[in-house]
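Engineer: Just passing along the structure, written as structure tokens.
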Amino acid sequence: MEPISKLQAVIQCKCPRCRKGDVFTGNMYSLSFRGQTTNEFCPYCNLRFEREPGFFYVAMFISYAMNVAEMISASVAIYILGLPLVYDNLWYYVGVLLLTVFICSPFNYRYSRIFLLHWLTPGLGYVPGSGDDQVHNSKIVSPQ
């Protein structure tokens with residue numbers, strides 16, 4: 202099996218080391234309570250995703266930047282579509298922006314963590330053949 206590219210691994214939310222294991226369980230827009238959970242370890246190569254305590258707090262700042270970009274894009278799109286920003290239409294802008302943030306929040310949650318793992322974590326990169334010597338098992342117990 203030929204390894205997938207880094208861009209494909211990011212889009213498919215795969216492990217940054219083996220590019221085979223899933224980082225998340227469940228669907229992005231699942232309505233169940235446990236719909237979008239980050240795996241603690243890669244089910245294929247046993248990489249621990251949370252590199253240190255509080256590691257994913259940085260993803261909060263990445264998500265914030267993504268929210269700002271989405272809100273700017275939505276407000277420019279509203280303006281281009283012909284709704285000028287005047288006092289009467291201010292609540293339309295606010296409503297559309299809040300709806301945009303609400304709809305994009307599962308995407309931001311997932312991809313802020315993926316961007317952090319793939320591009321902003323030093324020393325964590327693709328290792329060809331990682332996990333091939335281990336049996337693929339979703340219930341691998343990590344060494345303590």
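The opening position of the sequence shown corresponds to residue 202 in my numbering, with each subsequent residue numbered one higher. Just so you know, even glycine gets a beta-carbon here, dropped at the ideal spot from N, CA and C.
From Ser313 to Ile304, what does the alpha carbon distance come to, in whole angstroms?
Structural biologist: Position 112 of the sequence shown holds residue 313. Position 103 of the sequence shown holds residue 304. Taking the straight line from one Cα to the other gives about 15 Å.
Engineer: Look up Thr194 in the DSSP assignment and say whether it is helix, strand or coil.
Structural biologist: Look at the range of the chain in this structure, 202 to 345, and you will see that residue 194 is not part of it.
Engineer: Between which residues of its own chain and Tyr310 is the CB-CB distance below 7 Å, once the five residues before and five after are set aside?
Structural biologist: The residue labelled residue 310 in the question sits at position 109 within the sequence shown. Cβ within range, chain order: Gln237, Ser264.
Engineer: Buried or exposed for Ser217, going by 16 or more other Cβ atoms inside 10 Å?
Structural biologist: For the purposes of this step, residue 217 is taken as residue 16 along the sequence shown, with counting starting at 1. One detail in the question is off: residue 217 reads as Pro in this sequence, not Ser. Burial call: buried.
Engineer: DSSP three-state call for Arg220: helix, strand or coil?
Structural biologist: Taking the first residue of the sequence shown as position 1, residue 220 is located at position 19. Coil at Arg220, not helix or strand.
Engineer: On the DSSP bridge assignment, give the partners of Thr239 in chain order.
Structural biologist: Counting from one through the sequence shown, the residue named residue 239 turns up at place 38. Answer is Phe225, bridged to Thr239.
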